[in-house]
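Reading through the structure tokens given below for one structure.
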Amino acid sequence: MIMQYRYAFILTACLSAAAAHADGNLPSSALVSSSTTEAALPLADSVLVRKSERKLYLMRQGEVLRTYKIALGLRPEGHKQFEGDYRTPEGKYRLTRRNPNSEYFLSIQIDYPNAQDVARARRMGQRPGGAIMIHGQPNLPRKPRDYYANVDWTEGCIAVSNSDMVEIWLMTPPNTPIEIVP
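Structure (structure tokens):
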């Protein structure tokens, strides 16, 4: 019960800060504990996603801080080629804009597509797509909750549980590098 209230407090502080800074940049005060007896969450300096393991790792100086179970795009094998292919990109990107009001429980945008992704899609006569995010569960689920926890279901995003999304939101400062590997 205490953990539930703690997450509610953290989330409220996080969302308030995000609303006050519509550009998506959280002030450092939103990442630090307000209690002198409670340690602040550590900040990650990078994110690693291993698609084959269905895991997201928050890293600091090469060490794993946290590990999360993830769901990927409906066609998870291979690098995203174009809009609508239901694949999750592979490569090195950055976490950019944050959206506390997305159709999923919080979302952090990945800066896909890069110049190589755009060129590849154009060579195929396609658009590269975009709006690739790390996000929580749908705010208005269309399937039973167990579905979202047990299968790849996104259109190319990386989905986590809502409680995991709170930690990821709080532990990743703006512009954190993310590497997505097969």
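Under this note's numbering, the residues of the sequence shown are numbered 6 to 187, in order. From the three backbone atoms N, C-alpha and C, an ideal C-beta is built for every residue, glycine too.
- Judged by DSSP in its simplified three-state form, TYR91 adopts coil rather than helix or strand.
- Assignment of alpha helix (DSSP H) within the segment 82–153, counting only whole runs of 4 or more residues, yields 120–128 in chain order.
- Check the Cα spacing between ASN180 and each of ALA45, LEU46 and VAL52: the tightest is with VAL52.
- For ILE183, there is no enclosing alpha helix (DSSP H); the residue is part of the beta strand (DSSP E) that begins and ends at 182–186.
- Under DSSP, GLU68 forms a beta bridge with ARG65.
- LEU175 sits in a helix when the DSSP states are folded into three classes.
- For ALA49, the closest C-alpha among the options LYS97, TRP174 and ILE185 is that of TRP174.
- For ASP157 and ASN119, the gap between their C-alpha atoms comes out near 24 Å.
- Around the CB of PRO146, fewer than 16 other CB atoms lie within 10 Å, so the residue is classed as exposed.
- The Cβ atoms of LEU100 and THR177 sit closer than 7 Å to each other.
- SER166 carries a coil assignment under DSSP once its states are collapsed to helix, strand and coil.
- Nearest to GLY83 by alpha-carbon distance, out of PRO94, TYR62 and ILE139, is PRO94.
- For PRO133, the number of other beta carbons within 10 angstroms of its own is at least 16, and it is reported as buried.
- The C-beta of TYR109 has 16 or more other C-beta atoms within 10 Å across all chains shown, which makes the residue buried.
- The continuous beta strand (DSSP E) containing LEU53 extends over residues 51–55.
- Note that the C-beta distance between PHE87 and MET138 is not below 7 Å.
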